[in-house]
Amino acid sequence: MGKPNKLRRLEDLVRAIASYRALTSHEGWSRARLEKLQRRLLADLLAWVIQRSPFYRELSTTLRLHEPGVLQDFPIMDKETHMEHFDQIVTDPRLRLSRLHEHIAQLSGDDYYLGEYRVLTTAGTSGHKAVFVYNRKEWSMQQAASMRIAAMMGVFPFSIPRLKIVTIGSSSPLHDSHRLPLSMLIGPYHYHMLSATAPVAELVQRLDSLQPRLLRAFPSILGLLVTEQVQGRLHIGPRIVAGGGEPLTEELRQRIQTVWQSSVFDIYGTQEGLRSVECRFGEGMHLFEDLGIVEVVDEHNKPVADGTLGHKILFTNLFSFTLPIIRYEISDMVMLDPEPCRCGRPLRRIRSIDGRNDDVIYLKGRDGRQVAIHPAHFWDVLESFGGIRQYQVVHEPDGIRLRLVLEQGNVNIASGVRKRLVEKLDALGVYAPSIRVELVTTLEARSKYMGKWKNIVSNLDWPKQ
Ligand SMILES: [Zn+2]
C-alpha cells in the first residue's frame with residue numbers, strides 16, 4: 195500500500211535490466227559453469243519450498259526429502275494436482291485461490307495483487323485453466339527473459355533510435371503475451387500491442403499505419419498477414435519477424451522470408467516460465483537453462499538422451515519461489531540437440547517440437563468468403579466465464595460443437611456461453627453462426643494427438659490456404 199503503481203513498475207523494470215545483464219553474461223560461460231549455477235539455484239529453491247510450502251513440507255517427511263534436495267526425489271506435478279493443492283503449494287499464506295479468482299475477475303491493466311503480486315492464467319491452449327502468481331522480483335526475471343529473447347533477435351533495450359515493435363497477442367492482461375509488454379511500456383522499447391482477436395482487416399489497417407520493424411505474433415496470424423501482403427492489401431516490411439505460441443512451420447518461415455525478406459525467429463515458451471528462442475543460426479531454440487531445468491522424459495517418466503524425441507517435459511522454474519513449479523508436466527514432445535550451437539552459447543537447444551496443435555478454423559462468411567477464426571477468439575469468450583473447467587471446440591459440417599466440462603453447480607452458464615460465442619462469430623462476419631453446446635464430464639484423450647485431447651478439432655477437411 196502507499197507506493198504508487200507507477201513507481202513500483204519502474205523499480206521492477208530497473209531490477210529487470212540488472213537481471214537481463216546477468217543473463218547475458220551467462221551466455222559467454224562454459225557449460226560446466228552454467229550447470230554449476232543451475233545446481234546452486236536448485237538447491238536454494240528446494241530448501242526454500244521444504245521450509246515454506248506446506249505441501250512440500252509435508253511431503254518432505256513422507257518422502258524423506260533431504261537437504262540438499264535432489265530434484266528426482268520430488269514428485270512429478272500435473273496441472274490438475276497443482277491447482278487442487280494450490281493453497282498448500284504457495285509459500286505466502288495470504289495467497290488463496292478463491293481470492294485470486296476474485297482479483298482475476300476484476301483485473302484491469304497491469305494491476306498488482308496486495309501491492310506485490312501479478313496473477314496470470316493459462317492462455318487456454320491446453321483448455322484447462324491454471325493460475326500463476328509472481329512476486330515483483332520474480333516478475334522482473336520474467337521481464338529480463340523477455341529482454342534476452344529480444345536481444346537474441348537483435349533488438350536491445352534502450353537502443354537509439356528505438357526500433358518499432360508490434361506484438362499481436364492476447365488482449366487480456368491475464369496472459370503473458372499481453373502482460374509482459376504491458377509492464378514494460380515505460381521505456382526500454384517502442385511497443386505497440388494489437389489483439390490477435392481483432393478482425394484481419396483491422397490488423398492490416400493498423401499495421402499499415404504503424405510499419406513495424408519487428409513483428410511478433412502467433413504463426414497462424416502471421417500466415418494470414420503474409421497472405422494479405424501477397425494479395426496486395428497489406429504493405430509492410432518488418433526486418434525481424436517472430437512467431438510463438440504455436441508451431442512455426444518451415445513452409446511459413448520460407449513464405450515470410452520470401453515475401454518480407456525478414457529474419458525469422460521461432461520462440462517457444464510456456465506460462466510456467468519455460469523460455470526458448472532461436473539464435474541467428476536458426477538451428478533450434480536455446481533453452482534459458484539459467485532460469486529453469488528441463489527434463490525430457492518418455493511416457494514412463496524416464497529421462498531420454500539428447501537427440502531422442504521425448505514424450506513430455508518436466509519443467510522446474512528456478513526463480514518461482516512464490517508458487518513453486520517443480521517437475522511440472524508439460525505435454526509437448528521435444529527433442530534436444532546433443533551438439534552445442536555454433537554461436538557458442540552454453541544453452542542447449544530444442545531441435546523439434548511436436549504436439550502443439552492449435553488450429554485456425556474456417557467458417558463461411560456473409561460475403562461468401564471463408565472467415566479465419568483463430569483459437570484466440572474462442573479463448574477470449576471461454577476464459578471470461580469462471581465456471582468452465584475444460585473446453586473443446588469441434589468444427590462439424592453443420593457448425594460448431596462446443597464441448598464443455600463445467601465446475602459443479604455451473605450448468606446454468608451454458609446458454610450464456612453459447613450466446614456470447616454466437617455474437618463473437620457474428621461480429622467477425624461469419625454467416626449464421628451455429629453453435630451446439632454439449633455438456634460432458636470429461637474430455638477423452640485422442641491417441642491421434644499423441645495422447646492429449648485437442649482444444650480445437652476440425653472434423654472437416656477445409657483446404658488450408
Ligand atoms: Zn546458437
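The numbering of the sequence shown is this note's numbering, which starts it at 195 and goes up by one. Quick reminder that beta carbons are idealized off the backbone N, C-alpha and C, glycines included. Predicted model, so just to flag it, every value in this text is computed and none were measured.
Tell me whether Arg203, by its Cβ, gets closer than 7 Å to a heavy atom of ligand 1. The residue you call residue 203 lines up with position 9 of the sequence shown. Every heavy atom of ligand 1 is 7 Å or more from the Cβ of Arg203, so no.
Can you find the residues in the same chain that come closer than 8 Å, C-beta to C-beta, to Phe459, ignoring five residues on each side of it along the sequence? Within the sequence shown, numbered from 1, the residue matching residue 459 stands at position 265. Short of 8 Å from the beta carbon of Phe459, and not among the five residues preceding or following it, lie these beta carbons of its own chain, in chain order: Met346, Met347, Ile434, Val435, Ala436, Gly437, Val471, Glu472, Gly476.
Cα-Cα separation, Met527 to Phe268: As a position in the sequence shown, residue 527 is number 333, starting the count at 1. As a position in the sequence shown, residue 268 is number 74, starting the count at 1. One C-alpha to the other measures close to 22 Å.
For ligand 1, I want to know if Phe459 counts as a neighbour, meaning its beta carbon is within less than 7 Å of at least one of the ligand's heavy atoms. Taking the first residue of the sequence shown as 1, we reach residue 459 at position 265. Set against 7 Å, the gap from the CB of Phe459 to the closest heavy atom of ligand 1 is not smaller.
Can you say whether Arg373 is buried or exposed, counting buried as having 16 or more other CB atoms within 10 angstroms of its CB? Numbered from 1 along the sequence shown, position 179 holds the residue referred to as residue 373. The residue is buried, with at least 16 neighbouring Cβ atoms inside 10 Å.
At a cut-off of 7 Å, would you count His480 as near ligand 1, judging by its Cβ distance to the nearest heavy atom? Sequence index remark: in the sequence shown, residue 480 carries index 286 (1-based). Answer for His480: yes, Cβ within range of ligand 1.
Does any heavy atom of ligand 1 sit closer than 7 Å to the C-beta of Arg330? As a first step, residue 330 must be located in the sequence shown, where it is residue number 136. For ligand 1, not one heavy atom lies less than 7 Å from the Cβ of Arg330.
Considering only the alpha carbon of each residue, which of Val398, Arg447, Pro432, Glu445 lies closest to Gly426? Locating residue 426 in the sequence shown gives position 232, counting from the first residue. The residue with the shortest Cα to Cα distance from Gly426 is Val398.
May I ask you to report which of helix, strand or coil DSSP gives Lys506? Numbered from 1 along the sequence shown, position 312 holds the residue referred to as residue 506. If DSSP states are grouped into helix, strand and coil, Lys506 belongs with the strands.
Return the residue from the list Ala411, Leu404, Pro441, Gln451 that minimises the CA-CA distance to Val424. Along the sequence shown, one-based indexing puts residue 424 at 230. Measuring from the Cα of Val424, the nearest candidate turns out to be Gln451.
Integer-rounded CB distance, given that Met341 should sit under 8 Å from Pro351: What you label residue 351 is simply residue 157 of the sequence shown in a count that begins at 1. What you label residue 341 is simply residue 147 of the sequence shown in a count that begins at 1. Yes, they are in contact, since the Cβ atoms of Pro351 and Met341 sit about 5 Å apart, within 8 Å.
In the DSSP assignment, find the unbroken beta strand (DSSP E) run with Leu494 in it and report its ends. To locate residue 494, count along the sequence shown from 1; it is residue 300. One point to set straight first is that residue 494 is His, not Leu, in the sequence displayed. Counting along the chain, His494 falls outside any beta strand (DSSP E), and DSSP gives it neither H nor E.
Which value, in whole angstroms, describes the spacing of the CA atoms of Phe513 and His276? Within the sequence shown, the letter at position 319 stands for residue 513. Within the sequence shown, the letter at position 82 stands for residue 276. Cα to Cα, Phe513 sits roughly 17 Å from His276.
Which residue from Tyr625, Asn604, Asp531 puts its Cα closest to that of Gly562? Within the sequence shown, numbered from 1, the residue matching residue 562 stands at position 368. Restricting attention to Tyr625, Asn604, Asp531, the CA atom closest to the CA of Gly562 is found in Tyr625.
Ignoring anything shorter than 4 residues, give me the alpha helix (DSSP H) runs that lie fully in the region 252 to 304, in order along the chain. Unbroken alpha helix (DSSP H) stretches of 4 residues or longer found wholly inside the region 252 to 304: 273 to 278, 280 to 283, 291 to 299, given in chain order.
My output table needs one value for Arg550: the three-state DSSP class, helix, strand or coil. Here residue 550 corresponds to residue number 356 of the sequence shown, with the count starting at 1. The pLDDT assigned to Arg550 is 44, lower than 50, so where the model puts this residue is not dependable; a value taken from the coordinates is nonetheless given after this. Three-state DSSP puts Arg550 in coil, outside helix and strand.
Of all the options Phe579, Leu388, Lys558, Lys618, which has the alpha carbon lying nearest to the alpha carbon of Gly593? Position 399 of the sequence shown, counting from 1, holds the residue named residue 593. Restricting attention to Phe579, Leu388, Lys558, Lys618, the CA atom closest to the CA of Gly593 is found in Lys558.
Quick check on the DSSP output: the alpha helix (DSSP H) that includes Met335 runs from which residue to which? Residue 335 sits at position 141 when you count from the first residue of the sequence shown. Per DSSP, Met335 is one residue of the alpha helix (DSSP H) stretching across 330 to 346.
Validate contact between the region 301 to 308 and the region 360 to 379 using beta carbons, cut 8 Å, 3 pairs: Yes: at least three Cβ pairs fall under 8 Å.
Do Leu388 and Arg151 have their beta-carbon atoms positioned less than 8 Å apart in this structure? Past the boundaries of the shown model lies residue 151; the chain is included only from 195 to 659, so the question cannot be answered.
So, does the region 325 to 333 touch the region 276 to 291, judging by three or more C-beta pairs under 8 Å? Because the criterion of three Cβ pairs below 8 Å is met, the region 325 to 333 and the region 276 to 291 touch.
Measure the C-alpha to C-alpha separation of Leu204 and Trp333 and round it to an integer number of angstroms. Numbered from its first residue, the sequence shown carries residue 204 at position 10. Numbered from its first residue, the sequence shown carries residue 333 at position 139. As the crow flies, the alpha-carbon of Leu204 is around 12 Å from that of Trp333.
How do the region 204 to 224 and the region 535 to 545 stand: do at least 3 beta-carbon pairs fall below 8 Å, yes or no? Yes: the two stretches touch, three or more of their Cβ pairs being nearer than 8 Å.
Is Met529 near Gly501, with beta carbons less than 8 Å apart? Walking along the sequence shown from the start, residue 529 turns up at place 335. Walking along the sequence shown from the start, residue 501 turns up at place 307. In contact: Met529 and Gly501 (Cβ atoms closer than 8 Å).
For ligand 1, is there a heavy atom less than 7 Å away from the beta-carbon of Arg469? For the purposes of this step, residue 469 is identified with residue 275 of the sequence shown, where counting begins at 1. No, the Cβ of Arg469 stays beyond 7 Å of every heavy atom of ligand 1.
Got a sec? Which residues, its chain only, sit under 6 Å from Arg202 by beta carbon, not counting five neighbours each side? As a working mapping, residue 202 is identified with position 8 in the sequence shown. Closer than 6 Å at Cβ, skipping near neighbours: no residue.
Proximity to Ile380 [Cα-Cα], best of Glu617, Val631, Val634, Lys200: Taking the sequence shown and counting its residues from 1, one reaches residue 380 at position 186. The shortest Cα separation from Ile380 among Glu617, Val631, Val634, Lys200 belongs to Lys200.
Euclidean distance between Cα positions of Arg469 and Ile415: Indexing the sequence shown from 1 puts residue 469 at position 275. Indexing the sequence shown from 1 puts residue 415 at position 221. Whole-angstrom Cα-Cα distance: 21 Å.
Does the distance between the C-beta of Phe475 and the nearest non-hydrogen atom of ligand 1 fall short of 7 Å? Along the sequence shown, read from residue 1 onward, the residue named residue 475 stands at position 281. Yes; taking the cut-off as 7 Å, the Cβ of Phe475 has a heavy atom of ligand 1 nearer than that.
Taking the beta carbon of Gly610 as the centre, do at least 16 other beta carbons fall within 10 Å, making it buried, or is it exposed? To locate residue 610, count along the sequence shown from 1; it is residue 416. Flag for Gly610 reads exposed.
Kindly examine ligand 1 and report whether one of its heavy atoms sits closer than 7 Å to the Cβ of Arg539. Here residue 539 corresponds to residue number 345 of the sequence shown, with the count starting at 1. Relative to ligand 1, Arg539 has its C-beta within less than 7 Å of a heavy atom.
Spatial neighbours of Arg545 in its chain, beta-carbon cut-off 6 Å, leaving aside the 5 residues before and after: Taking the sequence shown and counting its residues from 1, one reaches residue 545 at position 351. So the list reads Gly478, Met529, Asp531, once near-sequence residues are dropped.
List the DSSP bridge partners of His568. In the sequence shown, the residue the question calls residue 568 occupies position 374. His568 is not bridged to any residue.
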